Amino acid sequence: MSDAMIVLIVLASGTYALKAAGPLVLGDRALPSGLRYLVDLLPAALLAALTLVATVGDDRAVVLDARLVGLFVAGVALWRRAPFWLVVILASAATAVVRAGV
Amino acid sequence: MSSAEETAIRSRIHRQAASIIAAVAPFAIVFGAAAATAGLSVWETAGFSLFVFAGSAQFAAVEILGDGGSVGAAAIAGLLLNVRSLAFGVIMAPALAGAWWQRAWMSQLMIDESTAVGSAQSGRRWQRYGYLVTGIGVFVVWNATTVVGHLVFSGAEEVIHDLGLDAAGPAAFLALLWPRLAQRDQRLVAILGAAIAVILVPLAPPGVPILASMLAVLAAPLARRTPDDGERMSITELTSPAEDEVPDE
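Protein chains in written order, with this note's numbering: chain V, 1023 to 1124; chain H, 39 to 287.
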């Protein structure tokens, strides 16, 4: 068996265990209300972290580049109540324009 | 809820999912290309996208293998990246109720994108719908474009860069976060979570910053206890959101 195949099997089963632990073990059992309050807030932390890491993260370095302009344009578009698809397109376009100009 | 309202919510979720699904295609092409460069066969490459189905972990494992890293190093790096799925599972579990075999297949779709769209909706029904639409859409597109990347590969990375497609992901995540920023405690958690993640990027292995950002929720009670806060919500409102509540667009 190739190395890649072994990694595939180990990584796929391990990843699945991590993905399924919540839904299979926890299920829809009700959490205590204090904990429930914190879990309801988790998406805010998650979405903010995903946003920033995808904007300034580059492997293990923080890199400030044209993506930051894209994110700023996305923020302005959201503030102006632009629809979701337009926000995404404007952010990409702004990033591309900045890069073409550099 | 009237059927007109349901249609409106459904089509809003479809629009959110569509942008995100389209945005993953270029990255799957790059993954396919990277796997080919690392010496993986097309079957092994397709296997990663089908059975691991976690973008960053696939990239990390294949990159380490390509650099001559050990089997153990590749597997452990990939698994570390995916520890955050455990937290996603806790967020999504109530919305993914059902028979064990339903929960079992829905779990395979648990990735950043499906959790982001799912958790951005109000009420379990729409959280589940957003999660499934995004998860299934990304699964199909991710797997198809992985194979294309492996077979056609060259130049994918430059095209993504030139078209600014790497800014599409963060813009989509920001759009999903936006409605939450109206609430004081959510805003505090978002700012703190982003700060924790960015600070950790140079210090911790990839994946850990996202995971650690979730510690920001522990600061939320501070935002609740502040006096003279007109927009403060009661604990009961926050812990038992109305199932049919529709956020502002």
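Think of the CB as a built atom: it goes at the ideal place given N, C-alpha and C, for glycine as much as any other residue.
The structure displayed is predicted, hence computed values, not measured ones.
On the CB-based measure, 16 or more other CB atoms within 10 Å of its CB, does valine 227/H come out buried or exposed?
buried
Secondary structure of valine 178/H, DSSP reduced to three states:
helix
Excluding five sequence neighbours on each side, which residues of the same chain lie with their C-beta closer than 6 Å to the C-beta of proline 265/H?
Confidence at proline 265/H is low in this model, with a pLDDT of 44, below 50, so its placement is unreliable and the value that follows should be read with caution. Around proline 265/H: no qualifying Cβ.
Going by the DSSP bridge assignment, what does threonine 1083/V pair with across the sheet?
Reading the sequence as shown, one finds alanine at residue 1083/V and not threonine. DSSP, once it has assigned bridges, lists Asp1080/V as partnering alanine 1083/V.
Check the Cβ of serine 251/H against every Cβ in chain V and list those closer than 8 Å, keeping chain order.
Ala1067, Leu1068, Ala1070 and Ala1071
For chain A, find out if any of its Cβ atoms is closer than 8 Å to the Cβ of valine 1109/V; answer yes or no.
The structure shown has no chain A; the protein chains it does contain are V and H.
One question on the structure: do glycine 156/H and arginine 166/H come within less than 8 Å of each other, judged by their Cβ atoms?
yes
Exposed or buried, glutamate 151/H, counting other C-beta atoms within 10 Å across all chains shown (16 or more means buried)?
buried
With distance defined between alpha-carbon atoms, name the residue in Ala1115/V, Ala1034/V and Gly1097/V nearest to threonine 83/H.
Ala1034/V
Give the DSSP-derived three-state secondary structure of serine 23/H in the structure shown.
The structure shown does not extend to residue 23/H, since chain H spans only 39 to 287, so no value can be given for it.
Okay, do the segment 176-183 of chain H and the segment 1101-1118 of chain V touch, 3+ Cβ pairs below 8 Å being the bar?
no
For threonine 1073/V, which residues from the same chain have a beta carbon less than 8 Å from its beta carbon, with the 5 sequence-adjacent residues on both sides left out?
Leu1093
What are the boundary residues of the alpha helix (DSSP H) that includes isoleucine 149/H?
Careful: isoleucine 149/H lies outside any alpha helix (DSSP H) and carries neither H nor E.
Go ahead and pull the three-state DSSP assignment for alanine 72/H.
helix
Straight-line CA distance for phenylalanine 65/H to alanine 74/H?
14 Å
Name the chain V residues that come within less than 9 Å of valine 197/H, Cβ to Cβ?
None at all; the shortest Cβ gap to chain V is about 11 Å.
Inter-residue Cα distance where the pair is valine 239/H and leucine 1069/V
16 Å
Residue-level contact to chain H via CB, proline 1105/V, 8 Å cutoff:
yes
With a CB to CB cut of under 6 Å and the five nearest residues on each side skipped, what residues in its chain are close to valine 1084/V?
Val1078
Terminal residues of the alpha helix (DSSP H) in which arginine 1051/V lies:
Arginine 1051/V -> no alpha helix (DSSP H), and no H or E assigned at all.
Which ranges does the alpha helix (DSSP H) cover as unbroken runs of at least 4 residues, wholly within the segment 166-244 of chain H, from first to last along the chain?
194-200, 206-215 and 222-238
What are the start and end residues of the alpha helix (DSSP H) that includes methionine 130/H?
122-130
How close, in whole Å, do the beta carbons of histidine 199/H and arginine 1121/V come, if the pair is a contact with beta carbons under 8 Å?
7 Å
Please check if any C-beta of chain H sits within less than 8 Å of the C-beta of leucine 1048/V.
yes
Rounded to a whole number of angstroms, what is the C-alpha to C-alpha distance between methionine 1027/V and proline 1065/V?
34 Å
Distance between valine 1109/V and glycine 77/H (C-alpha atoms, nearest Å):
38 Å
I'd like the span of the alpha helix (DSSP H) that includes valine 90/H, first residue to last.
It is not in any alpha helix (DSSP H) - valine 90/H carries neither H nor E in the DSSP assignment.
I'd like to know whether the C-beta of valine 176/H is nearer than 8 Å to at least one C-beta of chain V.
no
Indicate whether at least one CB of chain V lies closer than 8 Å to the CB of asparagine 181/H.
no
Quick check: the Cα distance between alanine 95/H and tyrosine 1038/V, rounded to an integer number of angstroms?
12 Å
In the DSSP assignment, find the unbroken alpha helix (DSSP H) run with leucine 1093/V in it and report its ends.
1088-1101
Here's the rule I'm using: 16 or more other beta-carbon atoms within 10 Å means buried, otherwise exposed. How should tryptophan 139/H be labelled?
exposed
What residue does the alpha helix (DSSP H) around glycine 1123/V start on, and which one ends it?
1106-1123
Please state if the CB of proline 132/H and the CB of valine 1075/V are separated by a distance shorter than 8 Å.
no
Using a Cβ cut-off of 9 Å, pull out every chain H residue sitting near arginine 1089/V, in sequence order please.
Gly202, Asp204, Ala205 and Pro208
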